[in-house]
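Please read the structure below before turning to the comments.
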Amino acid sequence: MKGRPLCFPKFYIHGAIPMGSDISDSIFISGTFASYHYISGEYYGPYDIGLGFYPEADHIVHGKGKDDIGIYVITGIYSRKTLRMSLKLHYQLGTGNPEENLGHTAIVQVKWNRSNEQFEGKYYVRNTLHHDENKFVIRYEGA
160 MKGRPLCFPK FYIHGAIPMG SDISDSIFIS GTFASYHYIS GEYYGPYDIG LGFYPEADHI
220 VHGKGKDDIG IYVITGIYSR KTLRMSLKLH YQLGTGNPEE NLGHTAIVQV KWNRSNEQFE
280 GKYYVRNTLH HDENKFVIRY EGA
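In the numbering used here, the protein residues as written are 160 to 302.
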């Protein structure tokens, strides 16, 4: 069904094959990241997002960001074994583009691409305006 991920967050994170070597300490670093999303044949971004990784709290992710739609708060989970993240972007109504920001939630599921040294995957949006899914990239920018 367009606009919804094929599997639940925990299965997406933990259902994958574990990666061979442990590089998770170098990629799950709290700090500033750049996000890019793909619409109608082109990438939009970079948009700054701040992510905090909490292994002591069942590997949860918290953060915030802003893009062409509006300001959002991020919640999610990640796995150091599969190098995947599943995030929810909760848009704050009344920020950004009033025609696109409905105070909705977008789901992002990404996995680490060793060759490109970035997280790559998809975003999913399902609201009264859109039932959409497309490419999404998260790249580390620094602490």
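For glycine and all other residues, C-beta sits at the position ideal for the given N, C-alpha and C.
| task | Look up Tyr202 in the DSSP assignment and give the residues it is bridged to. | result | Within the sequence shown, the letter at position 43 stands for residue 202. Answer is Tyr197, bridged to Tyr202.
| query | Ordered along the chain, which non-local residues of its own chain (more than five positions away) have a Cβ less than 7 Å from that of Ser183? | reply | For the purposes of this step, residue 183 is identified with residue 24 of the sequence shown, where counting begins at 1. Counting only Cβ-Cβ distances below 7 Å, and skipping sequence neighbours, we find Arg239, Leu242.
| field | Cut-off 6 Å between Cβ atoms - residues of its own chain near Leu252, not counting five sequence neighbours on either side | value | Looking up residue 252 in the sequence shown gives position 93. Gly262, listed in sequence order.
| task | Quick one: residues in its chain with C-beta nearer than 6 Å to the C-beta of Asn286, no 5 flanking neighbours on either side, listed in chain order? | result | Within the sequence shown, the letter at position 127 stands for residue 286. Result list for Asn286: Leu261, His263, in chain order.
| request: Check whether the Cβ atoms of His221 and Ile233 sit closer than 9 Å, and answer yes or no. | output: As a position in the sequence shown, residue 221 is number 62, starting the count at 1. As a position in the sequence shown, residue 233 is number 74, starting the count at 1. By the CB criterion at 9 Å, His221 and Ile233 fall inside the cutoff.
| query | How about Tyr213 and Gly224: are their beta carbons less than 9 Å apart? | reply | For the purposes of this step, residue 213 is identified with residue 54 of the sequence shown, where counting begins at 1. For the purposes of this step, residue 224 is identified with residue 65 of the sequence shown, where counting begins at 1. In this structure, Gly224 does not lie closer than 9 Å to Tyr213 by Cβ.
| said: If you measure between the beta carbons of Ile198 and Asn256, is that distance less than 9 Å? | reply: Taking the first residue of the sequence shown as position 1, residue 198 is located at position 39. Taking the first residue of the sequence shown as position 1, residue 256 is located at position 97. No. Outside cutoff.
| field | DSSP beta-bridge partners of Lys247 | value | Stepping through the sequence shown from its first residue, residue 247 is reached at position 88. Bridge partners of Lys247: Thr234, Ile266.
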